[in-house]
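Structure first, commentary second.
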Amino acid sequence: MKILVLNCGSSSLKYQLINMETEEVMASGKYERIGEEEAFITHKAKGQKKEIKNPAYNHTEAIEFTLQQLVNPEYKVIDSLDEIEAIGHRLVHGGEKISESVVIDDEVINILKECTDLAPLHNPASILGIEACKKVMPEKTMVGVFDTAFHQSIPKEKYLYPIPYEYYEKYKVRKYGFHGTSHMYVSQRLAEIEGKDIKDIKVVTCHLGQGASICAIEGGKSIDTSMGLSPLGGIPMVTRSGDMDPSVLTYIMKKDNLSAGEMESILNKQSGVSGVSGLAPDFRVIEQASNGDNERAKIAMSSFKYAIASYIAKYAVAMNGIDYIIFTGGVGENQTNIRKEICEQLTFMGVEIDNELNNVKGEEKIVSKPSSKVKIYVIPTNEELMIAKETKRLAK
C-alpha cells in the first residue's frame, strides 16, 4: 500500500510517498513560495535531488505538479498515480470534536473551519490542501491526523484554565496541546526499542525545534503537555514567547497602544530566544553566540533550558515519577549541549547523562549513564510515518 503524506502551509507543501509494506520513503520534497511566479519544488527520489522552478499560484497547481514528479520518466517511483491508495494530511487543530485520526469528509472540513481562530496560521492552509486534493484526486480516501488529538486524554483539571468557566462553555477556551503526532510516535518507538508495553511506562517527551513542547505520557496516553490553547504556550521557543504573566501583554498593549492582532504577532514572531537575544531566529546561531561573550544570548538560552527542565520536573509530579526522557525534533535531536545542560539541572531526580554517548546527532540512541535512575533517549521523530500508519489503518 502506497500512502501520500501531505503537510500544507500557507505558501508551502511538504510531502512524502511511503510504501507501507516496507515503510520506505519512495519520494519526498517541499514546494515553496506557492502563490508566486518564483515558486519552486525540491524533489528527492531514487537518490536524486532536483530543484525545479515552476509557478504555482495555488495549492491545486502545486499538488498537480508534485504528482507529475512521482511519475516523471527521468526519476519516477510509480508507473501510475493509481498506485497511490490514500492521502494522509497533517492537521493541527481539531478542537474538542476530534479526539483521534479521522477519514476526512465535509464534517471534518467544517470542524477545521470552526477552529481557525485557534490556529490561524495552520488550519486555513490545511483546508486549502484538502480542497486541492479533492480536485486533483477526488476518488482517493483522505485521512486527517491531528496534532491536538493525542492530547484529548488530558484530564479536565489539567486542561482547564483558572478563568471564569463561562469562557470554556462559550468559546472552548482550554489547553489543547500540539505536536501530538510526534509525541505519540517517539513514545511508541521507545516502547519498541525497550521491548516493553507502553501502558507500563512513564515517559516525558521533549519535542524541541522552531516550535517546542513537552509532554507527559503515562499508560501510552498524554496526561499533560506544555502548549495550551494555541502553539504559543509553554516553553519559550525560537520566536514564540511561551508562558508569561498575562498582565505583561495588557501592560505593553496600553503603553504602545497595540491592537490584539499586533500583540499576537509580537508574541508569535518577535519573542522567544530570538526576541531576548536580538539575534536571527536560528537556535544554532543563538547557541553559538551564547558560548561567547553575548550576554543576551546566554540569558535567552539559559531561560530556554531552565523552562524545559522545569517542565520535566513538573511532569515527574504529574506521573509520580519518570522512567524515560526522550529528546526529539531538530534541536532535541542535534544540539548536544542543550540536551546536556537540561539534564544537568535534573540530577536531583537521579538523571545522569553520559557526555560521550550524548555526542550524537539525528540518531536513535540511549545517552544516559547505566547508573541513571531515568533513561535518556534521542529518538528522531517521524511524523510522516505516523501519519501514514494512521492513514493505512483507516483507509482499510
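Offset between the sequence shown (1-based) and the numbering used here: plus 116.
From the three backbone atoms N, C-alpha and C, an ideal C-beta is built for every residue, glycine too.
These numbers were taken from a predicted model, which means no experiment stands behind them.
Cβ-based burial, residue i [other Cβ within 10 Å; buried from 16]
{"i": "V490", "result": "buried"}
{"i": "F464", "result": "exposed"}
{"i": "P115", "result": "Nothing in the structure corresponds to residue 115, since the chain is present only between 117 and 512."}
{"i": "V494", "result": "buried"}
{"i": "A376", "result": "exposed"}
{"i": "K291", "result": "buried"}
{"i": "G408", "result": "exposed"}
{"i": "Q164", "result": "exposed"}
{"i": "R400", "result": "exposed"}
{"i": "P496", "result": "buried"}
{"i": "E472", "result": "exposed"}
{"i": "D263", "result": "buried"}
{"i": "E403", "result": "buried"}
{"i": "I454", "result": "buried"}
{"i": "V364", "result": "exposed"}
{"i": "N474", "result": "buried"}
{"i": "I492", "result": "buried"}
{"i": "K342", "result": "Going by the sequence as given, residue 342 is Ser instead of Lys. With 16 or more Cβ atoms within 10 Å of its Cβ, S342 is classed as buried."}
{"i": "S357", "result": "buried"}
{"i": "V433", "result": "exposed"}
{"i": "A396", "result": "exposed"}
{"i": "E449", "result": "buried"}
{"i": "S196", "result": "exposed"}
{"i": "Y283", "result": "exposed"}
{"i": "Y131", "result": "buried"}
For residue i: DSSP bridge partner residues
{"i": "C331", "result": "T321, T341"}
{"i": "F443", "result": "C322, V494"}
{"i": "N474", "result": "N474 pairs with nothing; no bridge assigned."}
{"i": "H159", "result": "G145, K166"}
{"i": "N123", "result": "K130"}
{"i": "E152", "result": "A172"}
{"i": "I482", "result": "Y493"}
{"i": "I469", "result": "S484"}
{"i": "N135", "result": "K118, E140"}
Pair within 8 angstroms by beta-carbon distance, residue i and residue j
{"i": "I227", "j": "G210", "result": "yes"}
{"i": "G311", "j": "P352", "result": "no"}
{"i": "E89", "j": "Y301", "result": "Any answer about residue 89 is impossible in this case: the structure gives the chain only from 117 up to 512."}
{"i": "I330", "j": "I424", "result": "yes"}
{"i": "H299", "j": "F266", "result": "yes"}
{"i": "N323", "j": "T444", "result": "Here residue 323 turns out to be His, not Asn, going by the sequence shown. In this structure, T444 lies closer than 8 angstroms to H323 by Cβ."}
{"i": "A172", "j": "I200", "result": "no"}
{"i": "Y431", "j": "D340", "result": "yes"}
{"i": "E154", "j": "S128", "result": "no"}
{"i": "L120", "j": "H175", "result": "no"}
{"i": "S406", "j": "K414", "result": "yes"}
{"i": "D359", "j": "G349", "result": "yes"}
{"i": "L207", "j": "G260", "result": "yes"}
{"i": "G325", "j": "G446", "result": "yes"}
{"i": "L133", "j": "V193", "result": "yes"}
{"i": "S381", "j": "A416", "result": "no"}
{"i": "Q304", "j": "T355", "result": "no"}
{"i": "M502", "j": "T297", "result": "yes"}
{"i": "F156", "j": "E167", "result": "yes"}
{"i": "C124", "j": "A241", "result": "yes"}
{"i": "L462", "j": "A504", "result": "no"}
{"i": "V467", "j": "S488", "result": "yes"}
{"i": "K481", "j": "E457", "result": "no"}
Proximity test, Cβ basis, 8 angstroms: residue i and chain D
{"i": "S144", "result": "Absence of chain D from the displayed structure is noted, only one protein chain being present."}
Original post:
Considering only residues of the stretch 177 to 241, which uninterrupted beta strand (DSSP E) runs meet the minimum length of 3 residues and lie entirely inside it, listed in chain order?
Top reply: 200 to 207
Subject >> Segment contact flag, the stretch 180 to 188 with the stretch 203 to 223, C-beta cutoff 8 angstroms, min 3 pairs >> reply: no
Subject >> the stretch 314 to 327 / the stretch 437 to 446 touching (three or more Cβ pairs under 8 angstroms) >> reply: yes
**OP:** Would you check if the stretch 492 to 510 and the stretch 333 to 346 touch, i.e. whether three or more CB-CB distances between them fall below 8 angstroms?
**Re:** no
Original post:
What are the start and end residues of each continuous beta strand (DSSP E) run of 3 or more residues lying completely inside the stretch 244 to 311, in chain order?
Top reply: 257 to 262
**OP:** Indicate whether the contact test is met: 3 or more Cβ pairs, each with one atom in the stretch 160 to 169 and one in the stretch 139 to 148, closer than 8 angstroms.
**Re:** yes
**OP:** May I ask you to verify whether the stretch 274 to 294 touches the stretch 248 to 259, counting CB pairs closer than 8 angstroms and requiring at least 3?
**Re:** no
**OP:** Entirely within the stretch 385 to 424 and at least 4 residues each: give me those alpha helix (DSSP H) ranges in chain order.
**Re:** 388 to 393, 399 to 406
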